[in-house]
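Q:
In my numbering, the protein residues as written are 299 to 387.
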């Protein structure tokens, strides 16, 4: 499962796909973890596709725990219909 990401200066931006299922959730969670360890950003921004699924919310929770443990601020932006944007995790 491809995960789009971009280095936005000191912030790592990661787009969480909308079509996650239980199997792909683990792959994406590991990919996000590897990106954080590889880039060592000052902040992480997750773009979570709407409507959010249980699997995408699980990715958000895992990323939040990882970033909290590493002292890295994390924000998330909903993407898609009804997205408000800019919410802090």
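Think of the CB as a built atom: it goes at the ideal place given N, C-alpha and C, for glycine as much as any other residue.
1. Label residue 300 either buried or exposed according to how many other C-beta atoms from any shown protein chain fall within 10 Å of its C-beta, with 16 as the threshold for buried.
2. Output yes or no for whether 8 Å exceeds the beta carbon distance between residue 374 and residue 344.
3. Which word fits residue 376, buried or exposed, when buried means at least 16 other C-beta atoms lie within 10 angstroms of its C-beta?
4. Residue range of the beta strand (DSSP E) that residue 344 falls in?
5. Between residue 312 and residue 342, which are expected to be in contact by the criterion C-beta below 8 Å, what is the C-beta distance as a whole number of angstroms?
A: Looking at the coordinates:
1. exposed
2. yes
3. buried
4. 341-347
5. That pair is a contact at about 7 Å.
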